[in-house]
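Report on one structure; see the data block that follows.
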Amino acid sequence: MVKKVVIVGAGPSGVLLAHYLLRRDDKYQIDIYERRSDPRIIEFSKSRTFPMTLNERGMSALRKISGVEEAVKAISVEITGSFTHQTNGKTRFRRRSQPLFAVDRTNLAIALLQTLIEKYDNSRFNIHFDCKCSQLDFAAKTARFETEVEEFTVDYDLLIGADGARSAVREAFLTTEGFECEQKYIHNDYKSIFLPANNHLKPGYVHAWQMQDGSAVLLLHKQDGTMIGAMRFPHKKNKIAGLASKEEVVKFFEENFPEISQLMPEEEAEAFYSRPVSSVLTVRCNRYHYGDSVLIIGDAAHAVSPSIGQGCNSALEDVLIFDNLLDEYSDNWANAIAQFTIRRQPDAHALMELSNNSFPLSRGLLIEFLLRESFAKFMHQLFPQRFSPSLFDLVFDSTVPYREILNSHKGWISKVKKSNEKFLAALV
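FYI, the numbering for the sequence shown is 368 to 795, going by this note's numbering.
Rendered as structure tokens:
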């Protein structure tokens, strides 16, 4: 019998899961409900857009669906290294062992959706935009949605919450017995930056600048030559909050990021001033399933800090892991979703530790981090059987479980955690 699957959320992980389920013969009828508008038809500047980098974890999940990896690479910029720009005008270069693929989140979602629509007609798959999930009844297996003009209820056999850090599906878990969820905002806030095409910063690389207070700017090129990125700054006692005009924005960048200041037109300074601050919510749950029919994945289950760029990659990896569980348990969802919690939770919790504490905020420890990474990479190349890859090579260039990476580098993680706590305490 065909099972009706309702997926809440049309982000990358939700749409990729639809790909995986629909290729499992005719077992599933899929309906995706997304509270935002269709990204293919709304004005790009109004869509939810920010850059992300896909590494081997994310790409390995895309690779199993015919045509998807190629479609994503076609809209991505290959990143082969990074430049850290120092205050003295010098740069530190770090070459990557394997390339990353930088892609705008909206374009990634569109590419996944477009390939899905091209493969399947509406007899097996439908997507509904501008539909907010307002109520769930796990016992009755019903979901209620709101649009601008109506409210309606749908039945489901299986429900997937892929609706992000502020998940409505996870919210409904709070009414179930024994569910625990910790939600915290990280100590940094973010603002997007958009720069015109230029010849000053080399394409194909991540460009980074850092201030003494831990504030940093990361930029990368888009396919059209323009640049997109974000400024990260402490939530408390930061200089960004006090900027009161376009002129003050210009002065701030001139004093702290002169290279960026030279590339920033007046219109972007004005836009940067007006642009809202983004706060990042992290999520840690004690389980990702309910009963035999409800599952949360991606940020809905384990949202993390973007500091090491694993949010989307781990969400896509969730889909691959769940597909493997459906194979292992012959599409028995009761077993598969229970095992997803058992097998994925240790990695998700380890990822939170890695995301929070891999990258030091203090400049002194940052230099040690760069030296450690270079030394580990060098020794692994010379003696691969005796020396493991560096921390970041394991995170970015392998599919080694996060829990194993954390265990291998727990000494460094503990050191950074203590240092960052002292650094942040000094800002209060």
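Using N, Cα and C, we set each Cβ at its ideal position, and we do this for glycine too.
Beta carbon of L693, beta carbon of R391: below 9 Å?
yes
Going by DSSP, which residues form a beta bridge with N493?
D398
In this structure, how does DSSP classify P727 when only helix, strand and coil are distinguished?
coil
Looking at C-alpha atoms only, which residue of V644, W779 and V573 is the closest neighbour of A340?
Here the chain covers residues 368 to 795 and nothing more, so residue 340 does not appear.
Can you list, in chain order, the residues of its chain whose CB lies under 6 Å from that of E637, leaving out five sequence neighbours each side?
K613
Just how far apart, CA to CA, sit H716 and A469?
25 Å
Are the region 763 to 777 and the region 416 to 426 touching by the rule of at least three beta carbon pairs closer than 8 Å?
yes
Can you grab the Cα-Cα spacing for the pair A507 / G658, in whole Å?
12 Å
How should S414 be labelled, buried or exposed, when 16 other C-beta atoms within 10 angstroms of its C-beta is the threshold for buried?
Note on S414: pLDDT 44, under 50, position unreliable in the model; no value is reported.
Determine whether the beta carbon atoms of A670 and G448 lie at a separation below 9 Å.
no
Pick out whichever of D504, A478 and D524 has its Cα sitting closest to the Cα of V373.
D524
So does the region 727 to 742 actually touch the region 694 to 706, counting three or more Cβ pairs closer than 8 Å?
no
Whole alpha helix (DSSP H) elements within the region 454 to 542, 4-residue minimum
472 to 486 and 535 to 540
Excluding the five sequence neighbours on either side, which residues of its own chain have a C-beta within less than 6 Å of the C-beta of L630, listed in chain order?
L562 and N565
Is T593 helix, strand or coil by DSSP?
coil
Start-to-end residues for the alpha helix (DSSP H) that takes in K618:
K613 to N623
From Q706 to V661, what does the alpha carbon distance come to, in whole angstroms?
13 Å
What residue from S722, E634 and Q712 has the CA that sits closest to I668's CA?
The identity of residue 668 in the sequence shown is Ala, whereas the question assumes Ile. For A668, the nearest C-alpha among the options comes from Q712.
Do G581 and F600 have their C-beta atoms closer together than 9 Å?
yes
Own chain residues within Cβ distance below 8 Å of H452, not counting five before or after:
T458, H574, A575, W576 and E626
Taking only the alpha-carbon atoms, compute the straight-line gap between I553 and F759 and give it to the nearest angstrom.
21 Å
Please state if the CB of S404 and the CB of F496 are separated by a distance shorter than 9 Å.
yes
For K371, I'd like the list of residues in its chain whose CB is within less than 6 Å of its CB, leaving aside the five on either flank, ordered along the chain.
Q396, Y523 and D524
Is there contact here, the region 531 to 545 with the region 646 to 653, by at least three beta-carbon pairs under 8 Å?
yes
Pick from S741, Q748 and N774 that is closest to R461, judged by C-alpha positions
S741
If we ignore side chains and look at the alpha-carbon of each, how far apart do K606 and R511 end up?
44 Å
For S672, is the classification buried or exposed, using 16 other Cβ atoms within 10 angstroms of its Cβ as the cut-off for buried?
buried
If you draw a straight line from the C-alpha of G434 to the C-alpha of Q590, how long is it?
20 Å
When you compare the CB positions of P418 and L587, do they come within less than 9 Å of one another, or not?
yes
Report the option in T482, I494, L383 and I446 whose CA atom is closest to the CA atom of F438.
This sequence places Ala at residue 438; Phe is not what is there. For the residues T482, I494, L383 and I446, the minimum Cα distance to A438 belongs to T482.
By Cβ distance, which residues of its chain are closer than 7 Å to F624, with the 5 residues on each side in sequence left out?
W576 and V584
Can you name the residues that DSSP bridges to A575?
T451 and L585
Exposed unless 16 or more other CB atoms sit within 10 angstroms - verdict on R753
exposed
What residue does the alpha helix (DSSP H) around S380 start on, and which one ends it?
P379 to L389
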